[in-house]
Amino acid sequence: MSPLTQSIFVMSLGLGTTMTLSSTHWLLAWMGIEINTLAIIPLMTQNSHPRAIEAATKYFFAQAGASALLLFAAFLNSCLTGSWNITLMNHPAASTLCILALAMKIGIAPLHSWVPEVMQALDLRTALILSTWQKLAPLYLLYQIPLDNSDLILLLGILSIAVGGFGGLNQVQILKIMAYSSIAHLGWMIIILSISTHLTLLALYTYLLISSSLFFSLMMMRAKHISSLSISWTKIPALTMTLPLMLLSMGGLPPLTGFAPKWLITMELMKSGLALMALFAILLSLLSLYFYLRIFYTTTLTTPPNNSPGSLPWRFSPQHITLLPTLAITATITLLPLTPAILTFMI
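Below, the structure written as structure tokens:
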């Protein structure tokens, strides 16, 4: 794909998300989501690999079904209430269908089955877009609509945390692990959405930061399998030290940045009388921490095999920009003390 064509599709991604974020009418929001979907499919298939074509086909059918259900929910709400406004999704049936459609859009359990299969067949750059940018527009719509059915939201949240934890236990493909990690983090965002929206935003911003840092690191290492991380110290030694810290931050261990949203969400659930739900969420998140520790172990505590003579990849001069990954990695590790200041600006 030529750079000009690729830039057109990337700008279309920005246009679709901007259209959704700036609209109050369901049809305009739906059009923005569709532009997003149609713009990322050519980016998925730019390698012309059979698995990439299969992944793009699965993604298209999943998104088409979710879009049809979302449009039907908006039409049903307009028939029952006479309004196409996003914030006036007041009818219970239309609201439930809309929540399920948006859950399928971003891969919330139990409507998540397309996410790991699509992610593992993509290159790292496209997987980064799918894990971060493509979630903004549907999450904005979930943020805007009235969430009267809080039981459904809590159920989707706890199911996503469970599926994200159990699904990633025996995976060796890094992109599949990142897919299940995305599902688990979406569960943390959704479980608090009907109680405290600013904590949902905090969890979203933290996930975007940590996930982007991890993908930047993986792109510099050119790693898509856990075993390939065992020689990361020969490629970029500095990343061998920071990658474990990023993984522990993704798992939510103190004193790293990823601890803040999970801690605050747990406290808010307990204040709302949902102590048992908070306990289940914490216990299930330990499963996610286990497969982060597997990558930690492979990266830092295993000895790579001897390599055959030849031109080794770490002998070439790097072709990547290091400023943005450096800033993102630093923020991923060190932002926990600034959590009160961040919350003050968000509320």
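Heads up: the sequence shown is residues 1 to 347, going by full-length UniProt numbering.
The beta-carbon is built from N, C-alpha and C at its ideal position, and this holds for glycine as well.
Three or more Cβ pairs closer than 8 Å define a contact, and the stretch 8-17 meets that threshold against the stretch 33-44. With respect to the 8 Å criterion, T200 and L209 are not classified as neighbours on the basis of their beta carbons. Put simply, the backbone Cα of G65 is about 32 Å away from that of F291.
The stretch 61-79 makes contact with the stretch 95-103, as at least three CB pairs between them are under 8 Å. Pairwise C-beta distances place the stretch 279-294 in contact with the stretch 243-263, as three or more of them are shorter than 8 Å.
In this structure, S95 places its C-beta atom within 8 Å of the C-beta atom of N149.
Between L139 and I106, the gap from beta carbon to beta carbon is short of 8 Å. Note that the C-beta distance between W30 and A74 is below 8 Å.
Judged by DSSP secondary structure, A29 falls within the alpha helix (DSSP H) whose first and last residues are 26-44. Under the DSSP assignment, W233 falls in the alpha helix (DSSP H) whose first and last residues are 232-235. Taken in chain order, the whole alpha helix (DSSP H) runs of length 4 or more contained in the stretch 171-207 are 174-191. When DSSP states are grouped into helix, strand and coil, N77 belongs to the helix group. CA-to-CA, the gap between I282 and S181 works out to about 14 Å. About 7 Å separates the beta carbons of L202 and L264, which is inside the 8 Å limit, making them a contact pair. Straight across, the Cα-Cα distance linking F296 with L245 is about 9 Å.
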